[in-house]
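Numbering (full-length UniProt numbering), first residue to last: 1 to 104.
Cβ atoms here follow ideal geometry from the backbone N, Cα and C, with glycine treated the same way.
Because the structure is a prediction, the values reported are computed rather than measured.
Worksheet: the structure to be examined is printed underneath.
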């Protein structure tokens, strides 16, 4: 691969613009979902303490289970991103890289 890549031309390429827009929109969506889910824990604990105190199993209550579910949600979001990046974003980027010598 040549080191004389015209980065400005790649930045102006409609395929790169589409990749950037798709990826940015997807990432902001995932961030919004994770932020909302994250803040449900302190909001729930503050405004619905009786709900969070409900015993589920032994010393486990809804609050502890909800806190633990944050890890599951984080790993799920990471897996969703990795799957989408591998399937869509990487293919789009590879096409742009492959044609980078032709972009003027």
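Among the options, the one whose alpha carbon lies nearest that of residue i
i: residue 94; options: 45, 4, 16, 63; result: 16
i: residue 27; options: 91, 79, 97; result: 79
Between the CA atoms of residue j and residue i - distance to the nearest angstrom
i: residue 47; j: residue 34; result: 20 Å
i: residue 87; j: residue 36; result: 26 Å
i: residue 77; j: residue 32; result: 11 Å
i: residue 13; j: residue 23; result: 15 Å
i: residue 92; j: residue 71; result: 30 Å
i: residue 75; j: residue 38; result: 13 Å
Beta carbon of residue i nearer than 9 Å to that of residue j
i: residue 63; j: residue 45; result: yes
i: residue 66; j: residue 40; result: yes
i: residue 6; j: residue 69; result: no
Residues that residue i bridges to, as DSSP identifies them
i: residue 55; result: 61
8 Å contact criterion, which residue i and residue j should meet: CB distance rounded
i: residue 96; j: residue 9; result: Not a contact, Cβ separation roughly 11 Å.
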